[in-house]
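Okay, structure first, notes after.
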Amino acid sequence: MAFDPAAATAAMIDGLGVEALAKAQAYTIGGHWLLLWGLLASLVATFVIVRSRLLDRLSARVNAGKARPNGTAFVLSVATFLLTTIILLPWDLYAEYFRERAYGRTSQPLGDFLGQTALSTAIFSVVAGLLFMGIYALMRRAGRSWWLWSGGLVTAALAFFLMLSPMVIEPLFNDYKPVPAGEVQDALVQQAARAGVPAERIFVYDGSRQSNNFTANVSGVFGSGRIAISDVAFKGASLDEVKAVTGHEIGHYVLGHVWRSVAMLSGLAMLFFFLLDRLYPWFARKLGTKAEMADPVGLPVLLFITSLFGLLATPIVNANTRVGEREADAYSLQTANLPDALASALVKTAEYRYPRPSPLQEALFYSHPSVERRVRAAMDWKAAHPPQG
2 MAFDPAAATA AMIDGLGVEA LAKAQAYTIG GHWLLLWGLL ASLVATFVIV
52 RSRLLDRLSA RVNAGKARPN GTAFVLSVAT FLLTTIILLP WDLYAEYFRE
102 RAYGRTSQPL GDFLGQTALS TAIFSVVAGL LFMGIYALMR RAGRSWWLWS
152 GGLVTAALAF FLMLSPMVIE PLFNDYKPVP AGEVQDALVQ QAARAGVPAE
202 RIFVYDGSRQ SNNFTANVSG VFGSGRIAIS DVAFKGASLD EVKAVTGHEI
252 GHYVLGHVWR SVAMLSGLAM LFFFLLDRLY PWFARKLGTK AEMADPVGLP
302 VLLFITSLFG LLATPIVNAN TRVGEREADA YSLQTANLPD ALASALVKTA
352 EYRYPRPSPL QEALFYSHPS VERRVRAAMD WKAAHPPQG
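If you read the sequence shown in our numbering, its first letter stands for residue 2, the second for the next number, and so on.
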């Protein structure tokens with residue numbers, strides 16, 4: 002009997018069981034609603050900070066010390082991010098911890114979650130504070146073209162952050178180690194060599210510390226680029242599945258998907274700053290602040306507009322990411338030629354990404370093609386490339 006890709010795909014997805022599929026659907030759709038509720042939570046945080054006049058008083062105190070504009074912008078930016086995190090902590094606890102535990106997506110102790118949240122908040126506040134210090138300087142000095150220069154600054158900041166992240170930031174949250182010696186290491190070293198990827202750039206990390214998800218990723222640019230496989234995937238997969246997943250990540254690495262994302266995000270940043278230049282006064286009036294756009298006291302308003310723009314831009318960002326995921330899947334199939342293993346590995350991700358969304362749901366909310374669509378592509382490949390001999 003001829004191999005039927007459609008039937009094979011349906012069997013794999015149906016093999017998850019009705020209960021597991023229903024749970025995945027509830028988790029995924031609930032996550033989509035979190036995007037809207039998160040925006041409303043951001044609005045509440047903005048309203049509280051603006052109406053409390055905390056930044057106005059802090060600005061007066063900093064300026065009383067005759068601080069320079071750059072220093073004032075940095076201090077107020079850091080304060081804004083810290084205040085926002087504190088106000089949103091109850092929401093973040095629900096969305097990122099208690100809900101994840103309820104669905105079995107994490108086993109992380111609450112104390113560890115709070116500790117890592119505090120660390121990430123401190124790092125983000127300082128890094129973002131420096132970025133916005135530069136943006137406010139451009140607002141003061143570049144005139145009406147500040148939005149264009151700010152887009153360039155974001156591009157440079159993204160590249161710099163991506164370069165440093167694998168070496169400086171990510172090791173603060175997880176332990177990255179070379180793949181242990183054995184048949185898995187031998188297989189991955191051969192894969193990496195064929196693709197021109199240095200073997201020492203493939204790592205296993207303790208992703209189970211934060212998440213029970215079956216996952217792997219590519220991070221870094223220039224000499225810091227690397228492929229990292231979560232211990233969840235490493236321990237819960239067969240050798241062929243590890244090879245198929247690694248082939249997918251190597252595809253991201255050699256096809257330069259990181260740079261494509263940087264280019265897209267940079268373009269969106271320029272568009273955002275252009276729109277911000279026109280929209281800020283209206284939002285500032287509605288939220289109750291008289292701070293001009295170039296005054297860092299108005300940063301909470303700017304951040305809310307950022308959240309709104311980010312939500313509206315989600316389908317664009319997701320579309321770009323889905324293209325990269327399809328290309329990486331194809332690269333794995335072409336180089337590793339393990340369609341069954343790639344398909345079975347993908348099915349394991351259906352626990353947290355419902356495999357059968359509607360076309361509209363996938364277009365709007367999915368950062369990856371649906372699992373069903375990806376498995377079907379693997380089965381189509383298998384049908385078109387039957388084993389020889």
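No residue lacks a Cβ here, since even glycine has one placed at the ideal position from N, Cα and C.
Keep in mind the model is a prediction, meaning the values are calculated, not measured.
Taking Cβ to Cβ, would you say residue i is nearer than 9 Å to residue j?
i, j, result
"Ala270", "Val155", "yes"
"Gly221", "Ser262", "no"
"Gln192", "Gly248", "yes"
"Thr216", "Ser239", "no"
"Ile228", "Ile203", "yes"
"Leu391", "Val259", "This structure gives no information on residue 391, because the portion of the chain shown stretches from 2 to 390."
"Thr73", "Ser43", "no"
"Val49", "Gly289", "no"
"Ala21", "Ala351", "yes"
"Phe114", "Gln186", "no"
"Ser225", "Ser166", "yes"
"Ala129", "Met380", "no"
"Pro6", "Ala384", "yes"
"Phe223", "Met164", "yes"
"Ala196", "Val243", "no"
"Pro181", "Val205", "yes"
"Thr47", "Leu304", "yes"
DSSP on residue i, reduced to helix/strand/coil?
i, result
"Arg54", "coil"
"Asn218", "strand"
"Lys178", "strand"
"Tyr98", "helix"
"Tyr355", "coil"
"Val205", "strand"
"Met294", "coil"
"Arg281", "The question names Arg, but residue 281 in the sequence shown is Tyr. Helix."
"Gly112", "helix"
"Val185", "helix"
"Ala371", "Contrary to the premise, residue 371 reads as Ser rather than Ala in this sequence. Coil at Ser371, not helix or strand."
"Ala68", "coil"
"Thr307", "helix"
"Leu339", "coil"
"Asp5", "coil"
"Asn319", "helix"
Quick test of your reading: residue i and residue j, contact by CB under 8 Å. State the CB separation rounded to the nearest angstrom.
i, j, result
"Ala337", "Ala245", "5 Å"
"Asn213", "Thr307", "Between Thr307 and Asn213 the Cβ distance is about 31 Å, and since that is not below 8 Å, they are no contact."
"Ala344", "Val376", "5 Å"
"Phe174", "Gln117", "6 Å"
"Asn321", "Met265", "5 Å"
"Val298", "Leu77", "6 Å"
"Ala1", "Gly39", "As displayed, the chain neither begins before 2 nor continues past 390, which places residue 1 out of reach and without an answer."
"Leu36", "Leu256", "Not confirmed; about 28 Å, so no contact."
"Ser368", "Asn319", "5 Å"
(request) Kindly provide the ranges of any beta strand (DSSP E) runs that are 3 or more residues long and lie completely inside the segment 222-265, ordered along the chain. (result) Within the segment 222-265, the complete beta strand (DSSP E) segments of 3 residues or longer fall at 227-231, listed in chain order.
(message) For the pair the segment 355-370 and the segment 24-32, tell me if three or more CB-CB distances fall below 8 Å.
(response) yes
(request) Determine, using beta-carbon pairs with one atom in the segment 135-142 and one in the segment 116-125, whether at least three such pairs fall under 8 Å. (result) no
(request) Within the segment 13-57, note down every full alpha helix (DSSP H) run reaching 4 residues or more, in order along the chain. (result) 19-53
(request) Determine contact between the segment 366-380 and the segment 272-284, defined as no fewer than three beta-carbon pairs at a distance below 8 Å. (result) no
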